[in-house]
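Student: Position one of the sequence shown corresponds to residue 1 (the UniProt record's numbering), numbered consecutively onward.
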Amino acid sequence: MAFCAISADEQVKGYGTRLMYHLKENARDVDGLTHFLTYGDNNAFGYFVKQLYLLAHLEL
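#1: Span of the alpha helix (DSSP H) holding Lys13?
#2: Reducing DSSP to helix, strand and coil, say where Phe36 ends up.
#3: Which stretch, first to last residue, makes up the alpha helix (DSSP H) that contains Val49?
So, in structure tokens, the structure goes:
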């Protein structure tokens with residue numbers, strides 16, 4: 001998934017959490033994936049922490 005956003009009036013209702021849970025579950029069970037590489041701006045940091053993503057900083 002390259003980009004997905006939940007409209008502001010629908011945030012904090014769990015839609016994004018459920019969507020990401022099912023995406024990760026499907027990728028693991030169907031495709032055998034064990035790692036995801038994602039990117040988010042500073043405003044999305046808390047969301048990714050709640051999704052149990054680990055923080056990695058890459059310098060190019």
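Don't be surprised by glycine CBs; every beta carbon is placed ideally from N, CA and C.
A quick note: this is a predicted structure, and the numbers were derived from the prediction, not measured.
Tutor: On the basis of the coordinates in this document:
#1: That residue, Lys13, is in no alpha helix (DSSP H); it is neither H nor E in DSSP.
#2: coil
#3: In this chain, the alpha helix (DSSP H) harbouring Val49 covers Phe45 to Lys50.
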